[in-house]
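Since the structure comes first, as structure tokens, the remarks are kept for the end.
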Amino acid sequence: MASSLRKIGQKILLSHCKRDYNILQRLLSNDVRKGFVGMVGRTPLIRLNKVSEETGCDIVVKAEFANGGGSVKDRAALFLIQQGIDQGRLKSGGTVVEGTAGNTGIGLAHLCNAMGFKCVIYMPNNQSQEKIDMLRLLGAVVFPVPVVPFDDPDNYNHQARRHAESLDNAVWTNQFDNTANRQAHIETTGPEIWQQTEGKVNAVTFGTGTGGTLAGVGMYMKEMSKDVKVILADPQGSVLYNYFTHGKLERSPGSSITEGIGQGRVTDNLKGAPIDEALCIMDTDAVSMTFRLLKDEGFFVGASSGLNVVAAVQVAKQLGPGHVVASCLCDTGQRYYARLFNRTWLKEKGLFDSVPEECHGFLHS
């Protein structure tokens, strides 16, 4: 993987890419990045040494906390805003409205500041206080609303839509069902992984909330090579594992403490995704891996990142030694510090025993 970035990118993308995504210059540029928008994408790909040694595979992760807004959702946020601009629905000084569990809203708020828009966020009121505080600090107007099913008219997404419709020069970005979301990963994340692994990636696996990352990366990978496995990593309590395994929209047992992933339906972003297999990942395993990533690898991340790496390890063991499995570290653990790294909260959730004993020193009360 030490070959010249420029030569690899030209060889792979020019000779193999079947669609003109106009990404070559973006991927290969070593120029100074232009403003906050220039900080979206082109994140490092990191080999996780400990789990790679344990499995005999190269388990690699995109460092998505290196995006300007600190998470993988910055990619979708940029494409959702740009779509509104390109379609003439969003003009200077307009308002971007979204229903989000947190990270997409943070990305939108950053980008709205940088691009001259106002930002309004509706979110379920079970999200971490750190995310709510961050959104307000960034200037977004935030409406935490009660958690209700998607088919309830008071679901936070429907409230966001109605709010946008009540304003002039405003867009509801609709991250769950607007496929500009997955297009962000078709045009950026997928090509970056392909290039950074020199086309040697054998499998990709991601948790899904909107489905944009998994679907977009999966679609790009299957276009480059039908042999690349696309694996959905689903938290307990979501319907997607049973849907893609048994064809039934039935929740797996339990509920998950992970934020921003898991679903009760198949979003438009996920429809048509070339998924080869789904894995159901328990919170106990995701929490254990989250603390292992801090202790063994040095990465302070949230439970959704832990879930991704648990899935990558399972896929690596299925494939056997010598393969390359890619995923991502979604964001930083600072956004979950008050709960996930709190000894009392973990005990209340029955997850304290999932924290490796040598990691107890990382906890606060």
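By the UniProt record's numbering, the letter at position 144 of the sequence shown is numbered 144, and the numbering carries on one by one without gaps. Idealized CB from N, CA, C, for every residue including glycine.
With a cutoff of 8 Å on beta-carbon distance, Val51 and Val313 are scored as near each other. Taken in chain order, the complete alpha helix (DSSP H) segments of 4 residues or longer contained in the region 236-272 are 240-246. With a beta-carbon spacing of about 7 Å, Met123 and Val142 fall inside the 8 Å limit used to define contacts. Remark: C-beta atoms of Leu90 and His110 do not approach each other more closely than 8 Å. Excluding five sequence positions before and after Thr344, the CB atoms of its chain that fall closer than 7 Å to its own CB belong to Ser365, given in chain order. The alpha carbon of Leu214 has as its nearest neighbour, out of Val40, Phe36, Ala76 and Ser92, the alpha carbon of Ala76. When secondary structure is reduced to three states using DSSP, Gly361 falls in the helix class.
Assigned with DSSP and collapsed to three states, Phe79 falls in helix.
For the pair Ser288 and Ser354, the Cα-to-Cα distance works out to about 5 Å. Linking Ser238 to Asp31 through their CA atoms gives a straight-line distance of about 42 Å.
Non-local beta-carbon contacts of Phe362 in its own chain, meaning distances under 7 Å to residues more than five positions away in sequence, involve Phe291, Leu294 and Phe341 in chain order. When DSSP states are grouped into helix, strand and coil, Ile186 belongs to the helix group. Pairing Ala326 with Thr197 gives a Cβ-Cβ distance under 8 Å.
Contact between Gly190 and Tyr156 fails: their C-beta atoms lie close to 29 Å from each other, not under 8 Å. With 16 or more other Cβ atoms inside 10 Å of its own Cβ, Asp74 counts as buried. Distance between Glu358 and Phe150, taken at the CA atoms: about 41 Å. Non-local C-beta neighbours of Asp154 in its own chain, meaning closer than 6 Å and more than five positions away in sequence, comprise Val148, ordered along the chain. Distance from the Cα of Cys57 is smallest, within the candidate group Ala164, Pro321 and Asp331, for Pro321. Between the region 119-136 and the region 201-217, the count of Cβ pairs shorter than 8 Å is below three; the stretches do not touch.
Shown here for Gly209: same chain residues with a beta carbon closer than 6 Å to its own, the five before and five after excluded, namely Gly260 and Ile261 in chain order. Secondary structure note for Phe291: its alpha helix (DSSP H) is the uninterrupted segment Asp283 to Arg292. One alpha carbon belongs to Gly302, the other to Pro146, and they sit about 23 Å apart. Put simply, the backbone Cα of Ala63 is about 13 Å away from that of Glu297. Taking C-alpha positions only, Phe299 is separated from Thr258 by approximately 17 Å.
In chain order, Val97, Glu98, Gly99, Tyr122 and Trp172 place their CB closer than 7 Å to the CB of Ala160, counting only its own chain and leaving out the 5 sequence neighbours on each side. Counted as a single uninterrupted DSSP element, the beta strand (DSSP E) harbouring Thr205 occupies residues Ala203 to Gly207. Residue pairing by DSSP places Tyr122 opposite Gly99 and Phe143 in a beta bridge. For the pair Val60 and Val228, the CB atoms are not nearer than the 8 Å cut-off.
Take Lys317, set aside five residues on each side of it, and the residues of its chain with a beta-carbon closer than 7 Å to its own are Thr55, in chain order.
At a Cβ-Cβ threshold of 8 Å, Gly68 and Met39 count as neighbours. The distance from the Cβ of Ala170 to that of Thr267 is about 22 Å, inconsistent with a contact at the 8 Å cut-off.
Taking a contact as a CB-CB distance under 8 Å, the pair Ala140 and Gly105 counts as one, their CB atoms being some 6 Å apart. The distance from the Cβ of Ile193 to that of Ala311 is about 15 Å, inconsistent with a contact at the 8 Å cut-off. Note on geometry: alpha-carbon atoms of Phe36 and Cys328 lie some 21 Å from one another.
Ile132 sits in a helix when the DSSP states are folded into three classes. In this structure Phe176 is in contact with Asn269, their Cβ atoms being roughly 7 Å apart against a cut-off of 8 Å.
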